[in-house]
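*Asks:* Read left to right, the sequence shown gives residues -7 to 133 (our numbering).
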Amino acid sequence: MLTRGNTKPGTRGRQAVDRLIYEERQAAGARKGLGRGRASAGHEAPGGQARSMSTLLDRPPRWTVLEDVTRGEARRLARYDAMMSNLVQGDISPPAFERRVGAWRPIRGERFLADPAAVMAILDMRRQVGDPVFIYEGRRP
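#1: Under a Cβ-count criterion, where at least 16 other Cβ atoms within 10 Å of its own Cβ denotes burial, should Gly(-7) be classed as buried or exposed?
#2: Where Tyr128 and Leu69 are concerned, what is the direct C-alpha to C-alpha distance, given to the nearest angstrom?
#3: Please give the ranges of any beta strand (DSSP E) in the region 35 to 75, keeping only runs that are unbroken, at least 3 residues long and fully inside the region.
#4: Going by Cα to Cα distance, which pick from Val125, Gln120 and Leu48 is closest to Pro98?
#5: Locate the alpha helix (DSSP H) running through Val93, then write down its first and last residues.
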């Protein structure tokens, strides 16, 4: 039986051992749902999932849906949604919300709405008329 311990680097035996080790790791990743290559490293595959997500921006119209959101943008939008939920539930004070969100980098050249009174008013208005507060649509092209 060939192993890494009884073969020398560069020989056909070592190449066979290395190939088996590689194939076992790839199969283990596929079983865990990690996929292959870039996807297993956490990167999006080319032609991957297209996303649409809603957010509140600091310009009219305040409530908007962003199309073709990248994974990094989706993470930031979800973080903002969580901050809005914390604000509405009283888990974060309005000044803390304004300070934190106001310090964030813009997304696609636009700033997140950091005014806590405006955020709460828009969310309340959308709930009263039955409109969704947060939209996430992921679809395969």
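The beta-carbon is built from N, C-alpha and C at its ideal position, and this holds for glycine as well.
*Replies:* The structure says:
#1: Within the sequence shown, the letter at position 1 stands for residue -7. The sequence shown places Met at residue -7, rather than the Gly named in the question. Label assigned to Met(-7): exposed.
#2: Within the sequence shown, the letter at position 136 stands for residue 128. Within the sequence shown, the letter at position 77 stands for residue 69. Their backbone Cα atoms lie some 10 Å apart in a straight line.
#3: 42 to 48 and 55 to 59
#4: For the purposes of this step, residue 98 is identified with residue 106 of the sequence shown, where counting begins at 1. Answer by Cα proximity: Leu48.
#5: For this step, residue 93 is matched to residue 101 along the sequence shown. It spans Pro86 to Gly94 - the alpha helix (DSSP H) in which Val93 sits, taken as one unbroken run.
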